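In the UniProt record's numbering, the protein residues as written are 1 to 316.
Think of the CB as a built atom: it goes at the ideal place given N, C-alpha and C, for glycine as much as any other residue.
All values reported here derive from a predicted model rather than from experimental measurement.
Working notes, structure below.
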């Protein structure tokens with residue numbers, strides 16, 4: 001089974017749609033269909049069946065899926081081991097991150113990373129958390145930076161995780177929209193703008209009220225980006241609970257004001273996630289070490305020292 005066929009199979013299995021799978025693996029729809037047919041002919045079994053909700057895995061497809069994931073992981077490890085043994089180490093990395101983390105935390109940090117590793121080229125992919133994990137599993141990115149929900153969900157043992165810092169969330173409002181001190185029950189009567197369900201910020205917004213036994217406020221707007229939420233809040237649409245790092249400039253300019261959050265302090269763990277491998281590429285080792293030592297708020301880095309004084313090439 002060629003790795004190319006397995007990668008296409010997994011794309012179809014996850015998207016349950018030939019069109020979306022084709023976009024994910026950068027192939028024409030006809031090529032995706034041909035590859036699935038080739039794989040089915042090789043294995044002698046149908047891997048998908050059609051339903052009203054899309055393509056469903058057959059029992060044979062369900063049996064193949066975890067094995068295909070393992071085979072692709074081993075294929076990547078084999079290539080890395082051979083390159084390392086031959087002295088041909090790759091000096092390119094692809095980093096995935098949420099939009100907020102990429103712009104407000106990684107962009108300035110990567111400038112510091114430039115001063116350490118002159119031969120490492122870093123490429124950035126910005127996506128939501130679910131997409132980042134799929135890209136990581138498929139080997140399309142080397143490391144992901146995202147916020148973990150920390151809600152007790154079982155972690156994928158194939159992935160290693162390290163929490164870098166807990167980023168505080170801020171309750172923000174338009175200037176002049178201050179309110180009298182109140183508890184969560186009183187705050188719940190206010191109008192709110194929030195991200196869509198499934199986002200870490202929305203999860204923390206919902207649980208912040210639910211943990212106190214308070215009904216979650218009714219939202220006036222759901223928005224897909226923190227930037228849109230900040231602009232809506234600044235225009236007076238409602239209050240917002242967002243990462244402080246994403247609105248620090250708006251707070252400094254006076255476009256937004258921060259209000260006291262009456263419940264338990266809310267903070268999202270910024271987590272670095274990468275695949276466990278027998279052979280870790282040197283470039284990735286350098287980036288993981290740099291993130292561990294230097295990717296944190298300034299107040300947590302007093303006395304920290306850069307790893308070296310050379311320069312690296314970063315493509316954003």
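{"query": "Could you please give the first and the last residue of the uninterrupted beta strand (DSSP E) stretch that includes residue 272?", "result": "267 to 275"}
{"query": "Which value, in whole angstroms, describes the spacing of the CA atoms of residue 188 and residue 166?", "result": "25 angstroms"}
{"query": "Within the same chain, show all residues whose beta-carbon is closer than 6 angstroms to that of residue 257, passing over the 5 residues directly before and after it, in chain order.", "result": "173, 175"}
{"query": "Express the C-alpha separation of residue 177 and residue 141 in angstroms, rounding to a whole number.", "result": "42 angstroms"}
{"query": "Going straight from the alpha carbon of residue 68 to that of residue 39, what length do you get?", "result": "12 angstroms"}
{"query": "Taking the beta carbon of residue 13 as the centre, do at least 16 other beta carbons fall within 10 Å, making it buried, or is it exposed?", "result": "buried"}
{"query": "For the candidate residues 191, 199, 168, 240, whose alpha-carbon lies nearest to that of residue 220?", "result": "191"}
{"query": "Can you give me the C-alpha to C-alpha distance between residue 91 and residue 4, rounded to a whole angstrom?", "result": "23 angstroms"}
{"query": "When the Cα of residue 170 is compared with those of 96, 34, 31, 262, which residue comes out closest?", "result": "262"}
{"query": "Is it true that the segment 17 to 36 meets the segment 59 to 74, where meeting means three or more beta-carbon pairs spaced less than 8 angstroms apart?", "result": "no"}
{"query": "Whose C-beta lies closer than 6 angstroms to the C-beta of residue 162 among residues of the same chain, with five residues either side of it excluded?", "result": "272"}
{"query": "Determine the DSSP secondary structure at residue 279, reduced to helix, strand or coil.", "result": "coil"}
{"query": "Here's a check: name, in chain order, each residue in its chain whose Cβ is nearer than 8 angstroms to the Cβ of residue 16, leaving out the five neighbours to either side.", "result": "53, 54, 55, 56"}
{"query": "Measuring CB atoms only, is the segment 223 to 231 touching the segment 242 to 254, in the sense that at least three cross pairs come out at less than 8 angstroms?", "result": "yes"}
{"query": "Does the segment 92 to 100 come within contact of the segment 126 to 145, defined as at least 3 CB pairs closer than 8 angstroms?", "result": "yes"}
{"query": "Grab me the residues of residue 303's own chain with a C-beta within less than 6 angstroms of its C-beta, minus the 5 sequence neighbours each way, in chain order.", "result": "Here the model assigns residue 303 a pLDDT of 40, short of 50, so the residue's position is not dependable and the matter cannot be decided."}
{"query": "Between residue 214 and residue 194, is the Cβ-Cβ spacing less than 9 angstroms?", "result": "no"}
{"query": "Report yes if the C-beta distance between residue 130 and residue 198 is below 9 angstroms; otherwise report no.", "result": "yes"}
{"query": "Please classify residue 86: does DSSP put it in a helix, a strand, or coil?", "result": "coil"}
{"query": "Whose C-beta lies closer than 6 angstroms to the C-beta of residue 234 among residues of the same chain, with five residues either side of it excluded?", "result": "174, 255, 256"}
{"query": "Nearest-angstrom Cα distance between residue 145 and residue 270?", "result": "7 angstroms"}
{"query": "List the endpoints of the continuous alpha helix (DSSP H) containing residue 7.", "result": "3 to 15"}
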